[in-house]
Amino acid sequence: MNHIKRCAVAGQVKRFCSRFAQGAGLALGQIIPRQDLLRWVEEEAGDYRERIYSPLQTLTLFIEQVLGADQSCQDAVARGLSQRVALAQSPCSLNNGPYCRARARLALNLVERIGCEVGQRLCTAQPGAWRWRGREVKLIDGTTLSMPDTVANQTEFPQGATQKPGLGFPLARLVAIISLSCGAVLEWTTSPCEGKRTGETALLWQLAHRLKAGDIVIADRYFSGYFLLAWLIRHGVDVVVRQHQLRHTDFRRGKRLGAKDHVVDWARPQRPAWMDAALYATMPEALMLREARVGGLTLVTSLTAADKVSKQELLTLYHARWQVELDLRSIKTVMQMDVLRCKSPEMVKKEIAVHLLAYNLVRTVMAQAAFLGHVLPRRLSFKAALQLIRAFEENLRHAPQGRLTLRQAYLLAGIAQIRLPDRPGRVEPRVVKRRPNQHALMTQPRNVLKATILKQRQTLYGEGLR
Numbered sequence: 086m087n088h089i090k091r092c093a094v095a096g097q098v099k100r101f102c103s104r105f106a107q108g109a110g111l112a113l114g115q116i117i118p119r120q121d122l123l124r125w126v127e128e129e130a131g132d133y134r135e136r137i138y139s140p141l142q143t144l145t146l147f148i149e150q151v152l153g154a155d156q157s158c159q160d161a162v163a164r165g166l167s168q169r170v171a172l173a174q175s176p177c178s179l180n181n182g183p184y185c186r187a188r189a190r191l192a193l194n195l196v197e198r199i200g201c202e203v204g205q206r207l208c209t210a211q212p213g214a215w216r217w218r219g220r221e222v223k224l225i226d227g228t229t230l231s232m233p234d235t236v237a238n239q240t241e242f243p244q245g246a247t248q249k250p251g252l253g254f255p256l257a258r259l260v261a262i263i264s265l266s267c268g269a270v271l272e273w274t275t276s277p278c279e280g281k282r283t284g285e286t287a288l289l290w291q292l293a294h295r296l297k298a299g300d301i302v303i304a305d306r307y308f309s310g311y312f313l314l315a316w317l318i319r320h321g322v323d324v325v326v327r328q329h330q331l332r333h334t335d336f337r338r339g340k341r342l343g344a345k346d347h348v349v350d351w352a353r354p355q356r357p358a359w360m361d362a363a364l365y366a367t368m369p370e371a372l373m374l375r376e377a378r379v380g381g382l383t384l385v386t387s388l389t390a391a392d393k394v395s396k397q398e399l400l401t402l403y404h405a406r407w408q409v410e411l412d413l414r415s416i417k418t419v420m421q422m423d424v425l426r427c428k429s430p431e432m433v434k435k436e437i438a439v440h441l442l443a444y445n446l447v448r449t450v451m452a453q454a455a456f457l458g459h460v461l462p463r464r465l466s467f468k469a470a471l472q473l474i475r476a477f478e479e480n481l482r483h484a485p486q487g488r489l490t491l492r493q494a495y496l497l498a499g500i501a502q503i504r505l506p507d508r509p510g511r512v513e514p515r516v517v518k519r520r521p522n523q524h525a526l527m528t529q530p531r532n533v534l535k536a537t538i539l540k541q542r543q544t545l546y547g548e549g550l551r
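Pasting the structure below:
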């Protein structure tokens, strides 16, 4: 990278960091160090030609696109024009074709690398008081995402087998590892929803090696299989999961720790078809686990010392698993990722990665606000934080150097003020009161319906000429 290009990228890096309240002297340090971001662009983007939409400029606009309320490419191009005018640069065209081609050139590895780095650095920089007994608790769950019904998307992410051709939408499965304390997405992977090795447990096997010794994993009963638990425990990862409904729990067996609380050995099942003999040989013949019945749930954990972790503490820890449901809801609903917009599989993967990167950037701002406001990040509203970041966007991007720190302080103070109410044991029915409009359901492919309408119009037009 020559000197002129490096100076241009350095300016883009500076504006990018300022946009998300990143600068010198922050309480948690710089989660997005400028030199590292510059190096990541150099390593992942390669030797690119200098254009209006450079890799980092394209990524910045892409992030603002997914954070915006409109989320259209035309809106992103308008933002780019506004930025160039504010920097006294020559205005660019409002044609969104060059921007769309720049998104296609954007390296997926660059987006994923920055997203994971931001999440990991935030998790590392957070105070120990935010963690559970000084240990990092990680939540695991999966969800599905819909996307436009194109031939390319259907090939890579086929629709459900129960849907008729032309009437369904391609579906992608997403499994993520999220920090309980700061809410950052640490790792993720995607796959189709149909076919072998596309289930949530299969995807977690792809991410399991990225968990660290000393971590505590909380997951629902779907992830309570013998081999997955054995692999995690062997690598120093403790688990708290709900007992699978097909496994019988007999509290008369094993070592009794209290009322409906015991330590028992699970026998190793036969080797499943998907596991090779070498991996099966590394699995223990018996797995010592603690089973406890508390709060109407049967929990399974590797935290076997009842004098250090009580049943009630296990229940409280497992109830924190609901945070991953709220996080995925924030990403899919608040950030509008439930229905993707891109029409090719490669762009779909980039769109997912940019959404998760943008989510981590918002969580970074929230963590800074939480630290300064002496509150836990989980007590702050993600939606309110996103609204304030949107409101301060132009204010931060074009702030004079002498006033940038003050404006960032106003942003962080505002985010720290809007706190979620403490509602323990809250129960809400999963029903909808407002009735939707009663439109007819689509029972034929769109092209067939359009041809029928055109034929009816021609018939009516011909009758009118008689």
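Each number in my numbering comes from the position in the sequence shown (counting from 1) with 85 added on.
Ideal Cβ placement from N, Cα and C applies to all residues, glycine included.
- For Arg327, which of helix, strand or coil comes out of DSSP? strand
- Task: Tell me where the beta strand (DSSP E) around Asp226 begins and ends.
- Result: Run containing Asp226: Val222 to Ser231, per the beta strand (DSSP E) assignment.
- Item | Environment of Glu135 [buried if 16+ CB atoms lie within 10 Å] | exposed
- Helix, strand or coil: how does DSSP classify Ile416 here? helix
- Task: Would you tell me roughly how many angstroms separate the C-alpha atoms of Ile318 and Trp290, rounded to the nearest one?
- Result: 14 Å
- Please say whether Glu279 and Ala246 have beta carbons closer to each other than 8 Å? yes
- Closest to Gln168 by CA distance: which of Arg531, Gly96 and Arg356 is it? When only C-alpha atoms are compared, the closest one is Gly96.
- Determine the DSSP secondary structure at Ile263, reduced to helix, strand or coil. The answer is strand: DSSP assigns Ile263 an E or B state.
- Quick one: any contact between the stretch 209-219 and the stretch 251-260, if contact means 3 or more CB pairs under 8 Å? no
- Can you give the Cα-Cα distance for Ala161 and Asp132, rounded to whole angstroms? 25 Å
- Could you say which of Leu489, Leu271, Thr418 and Val439 lies nearest to Cys427 if we only look at CA atoms? Val439
- Quick one: which unbroken beta strand (DSSP E) runs of 3-plus residues sit fully inside the stretch 348-378? Chain order, please. none
- Query: Just the Cα atoms here: how many angstroms apart are Thr235 and Lys540?
  - Reply: 25 Å
- Query: Should Pro140 be labelled buried (16 or more other beta-carbon atoms within 10 Å of its own) or exposed?
  - Reply: buried
- On a CA-only basis, which of Tyr311, Ala455, Lys518 and Gly153 is nearest Pro354? Give me that one, please. Tyr311
- Give the DSSP-derived three-state secondary structure of Lys393 in the structure shown. coil
- Task: Indicate whether the contact test is met: 3 or more Cβ pairs, each with one atom in the stretch 141-156 and one in the stretch 170-181, closer than 8 Å.
- Result: no
- Message: If the criterion is Cβ atoms closer than 8 Å, does the pair Ala173 and His483 meet it?
- Response: no
- So with Cβ pairs under 8 Å, would you call Gly165 a contact of chain C? The displayed structure is made up of one protein chain only, and chain C is not part of it.
- Task: Identify every residue that forms a DSSP beta bridge with Lys340.
- Result: Val348
- Task: Have a look at Thr490 and Phe477 and give me their C-alpha separation to the nearest angstrom.
- Result: If you take the alpha carbons of Thr490 and Phe477, they lie about 13 Å apart.
- Considering only C-alpha positions, which residue in the set Arg475, Asn532, Met451 and Arg492 is nearest to Leu505? Met451
- Message: For Glu202 and Val126, I'd like the C-alpha separation in whole angstroms.
- Response: 13 Å
- Message: Closer than 8 Å is the cut-off here; do at least three beta carbon pairs connect the stretch 412-423 with the stretch 372-379?
- Response: These segments do not touch.
- Proximity winner among Ser276, Thr209 and Ala187, relative to Phe231 (alpha-carbon distances): According to the sequence shown, residue 231 is Ser rather than Phe. Of Ser276, Thr209 and Ala187, the residue nearest in Cα terms is Ser276.
- Task: Please report the Cβ distance between Arg206 and Thr143, rounded to the nearest whole angstrom; I am assuming they are in contact, meaning their Cβ atoms lie under 8 Å.
- Result: Not confirmed; about 23 Å, so no contact.
- Spatial distance of Gln328 from Val260 (CA atoms): Answer to the nearest angstrom: the Cα atoms are 20 Å apart.
- Query: Cβ of Cys208 within 8 Å of Cβ of Cys267?
  - Reply: The Cβ atoms of Cys208 and Cys267 sit closer than 8 Å to each other.
- Item | Classification of Ser175 by the beta-carbon crowding that lies within 10 angstroms, buried from 16 upward | Residue burial is scored here from C-beta neighbours: Ser175 has fewer than 16 other C-beta atoms within 10 angstroms and is therefore classed as exposed.
- Per DSSP, which residues does Leu384 bridge with? Please list them. Arg327 and Ala377
- Query: With distances taken between CB atoms, is the gap from Leu271 to Lys223 smaller than 8 Å?
  - Reply: Contact annotation: Leu271 and Lys223 have beta-carbon atoms nearer than 8 Å.
- Query: Taking one C-beta from the stretch 352-371 and one from the stretch 329-336 each time, how about it: are there three or more such pairs within less than 8 Å?
  - Reply: Contact between the stretch 352-371 and the stretch 329-336 is not established, with fewer than three Cβ pairs separated by less than 8 Å.
- Item | Among Asp423, Pro430, Gln408 and Lys434, nearest to Leu465 - alpha-carbon criterion | Gln408
- Following the continuous alpha helix (DSSP H) through Arg500, name the residue where it begins and the one where it ends. The amino acid at residue 500 is misidentified as Arg; the sequence shows Ile. It spans Gln486 to Gln502 - the alpha helix (DSSP H) in which Ile500 sits, taken as one unbroken run.
- Message: Looking only at its chain, what residues have a beta carbon closer than 8 Å to the beta carbon of Phe242, apart from the 5 residues adjacent to it on each side?
- Response: Met232, Pro255, Leu256, Ala257, Pro277, Cys278, Pro430 and Val433
- Under a Cβ-count criterion, where at least 16 other Cβ atoms within 10 Å of its own Cβ denotes burial, should Asn445 be classed as buried or exposed? With at least 16 other beta carbons inside 10 angstroms of its own, Asn445 counts as buried.
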